[in-house]
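See below for the structure under consideration.
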Amino acid sequence: MPEVKMIEVKDVSYSYNGKKALDKISFETENEFVAIMGPNGSGKSTLVKLIVGMLKPDEGSIKVFGMEPENARDLIGYMPQRETIAKHFPIRVKDIMIMGASSRRFPTREEMGNAMEALQKIGMKHLWEKRFSALSQGQQQRIMFARALAKKPRLLILDEPFNAVDVPSRNMMVEILKEEREKGTEIIVVVHNINPILHQIEKVVLLNRKCIAWGKPAHVLTPENLKETYGADIQIVRCEEGYCHPLIGDEHAG
Ligand code: ADP
Ligand code: MG
3 MPEVKMIEVK
13 DVSYSYNGKK
23 ALDKISFETE
33 NEFVAIMGPN
43 GSGKSTLVKL
53 IVGMLKPDEG
63 SIKVFGMEPE
73 NARDLIGYMP
83 QRETIAKHFP
93 IRVKDIMIMG
103 ASSRRFPTRE
113 EMGNAMEALQ
123 KIGMKHLWEK
133 RFSALSQGQQ
143 QRIMFARALA
153 KKPRLLILDE
163 PFNAVDVPSR
173 NMMVEILKEE
183 REKGTEIIVV
193 VHNINPILHQ
203 IEKVVLLNRK
213 CIAWGKPAHV
223 LTPENLKETY
233 GADIQIVRCE
243 EGYCHPLIGD
253 EHAG
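In this note's numbering, the protein residues as written are 3 to 256.
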């Protein structure tokens with residue numbers, strides 16, 4: 003059975019105020035677990051915003067399940083990078099979860115159930131009635147993770163999901179991603195530190211304004227490609243699978 007392309011990015015460029023954040027990016031994914039890697043400011047968040055249809059490319063095209071990104075929104079569960087979330091917005095956890103599960107003004111019973119189930123999965127059902135702004139950073143991040151799961155999406159896009167969470171929570175999130183992948187959900191994760199998902203990823207996109215390389219980890223994660231992506235100073239670790247990954251600041255946290 004030929005796989006439908008999950009995402010097709012062709013010659014995509016995007017600038018903020020005339021300054022190029024992405025320069026002629028091209029890659030494809032098909033039903034797999036993808037990691038987008040690159041240093042700070044390399045355009046990772048810009049790329050995922052283009053894929054979810056929040057931004058429009060200046061040049062080039064993006065297709066998601068063969069559609070324009072804005073038409074694929076109901077199929078995508080998106081978790082924005084924590085820094086971009088309005089943390090003080092006076093809203094309750096349940097409202098965030100329901101908005102994640104449903105795009106309707108009046109959600110169905112099933113959608114309400116999905117919202118609760120997603121919160122339960124991440125062990126936070128007791129926070130249903132709580133104000134989002136009263137929660138810790140790690141809790142907020144887990145809520146946003148659960149929100150991305152709540153609509154049972156075909157494609158999950160997570161922008162640095164592990165940043166503020168503690169190790170047990172991170173492990174729980176990784177387990178949930180494994181289950182999602184087994185169910186056939188396509189997953190794109192932007193990561194700074196690849197370690198937590200090292201054994202799950204099936205494709206890597208290395209980004210530094212340009213797409214340095216993309217494909218299977220063993221082909222892409224070479225010392226040469228990593229040096230080109232992260233600069234000469236980065237320390238590179240070789241792992242058992244025979245490929246390399248950069249050793250980045252918080253690597254020892256887990
Ligand atoms: P990453 O997620 O890899 O850290 P971003 O996609 O957030 O990178 O940013 C890529 C580049 O675009 C950076 O130089 C950043 O400063 C710039 N940039 C991102 N968002 C904006 C914005 N809203 N306005 C102007 N410049 C931006
Ligand atoms: Mg980012």
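Note that beta-carbon positions come from the ideal geometry of N, C-alpha and C, so glycine has one too.
Query                                                                                                                        : Result
Chain-order list of residues whose beta-carbon lies under 6 Å from that of Leu160 (same chain, five-residue window excluded) : Met81, Val191
Beta-carbon separation (whole angstroms), Leu49 vs Leu77, contact threshold 8 Å                                              : That pair is no contact at about 18 Å.
Stretch-stretch touch, CB-based, cutoff 8 Å, three pairs: the region 52-66 with the region 128-144                           : no
Distance between beta carbons of Gln83 and Ser28, contact taken as under 8 Å                                                 : No, Ser28 and Gln83 are not in contact; Cβ-Cβ is about 23 Å, not under 8 Å.
Per-residue burial, Gly186 [other beta carbons within 10 Å of its own, 16 or more giving buried]                             : exposed
Simplified DSSP assignment, three categories, for Met56                                                                      : coil
Below 5 Å from a heavy atom of the ligand ADP - residues by beta-carbon                                                      : Tyr18, Ala23, Asn42, Gly43, Ser44, Gly45, Lys46, Ser47, Thr48
CB-CB length for Lys26 against Ser44, believed under 8 Å                                                                     : Lys26 to Ser44, Cβ: 14 Å. No contact.
Distance between Met126 and Glu119 (C-alpha atoms, nearest Å)                                                                : 10 Å
Identity of the residue in Ser105, Met114, Ile196, Glu230 nearest Pro163 by Cα                                               : Ile196
Minimum C-alpha distance to Lys258 - residue among Asp13, Gln142, Lys7                                                       : Nothing about residue 258 can be reported from this structure: the residues present for the chain run from 3 to 256 only.
Three-state secondary structure (DSSP) of Lys153                                                                             : coil
Check: Gln143 C-beta below 8 Å from any heavy atom of the ligand MG                                                          : no
Candidates Glu70, Ala74, Thr231, Ala103: closest to Met146 by CA position                                                    : Ala103
Residue environment, Lys218, which counts as buried when at least 16 other CB atoms sit within 10 Å                          : exposed
Beta-carbon separation (whole angstroms), Ser135 vs His90, contact threshold 8 Å                                             : 5 Å
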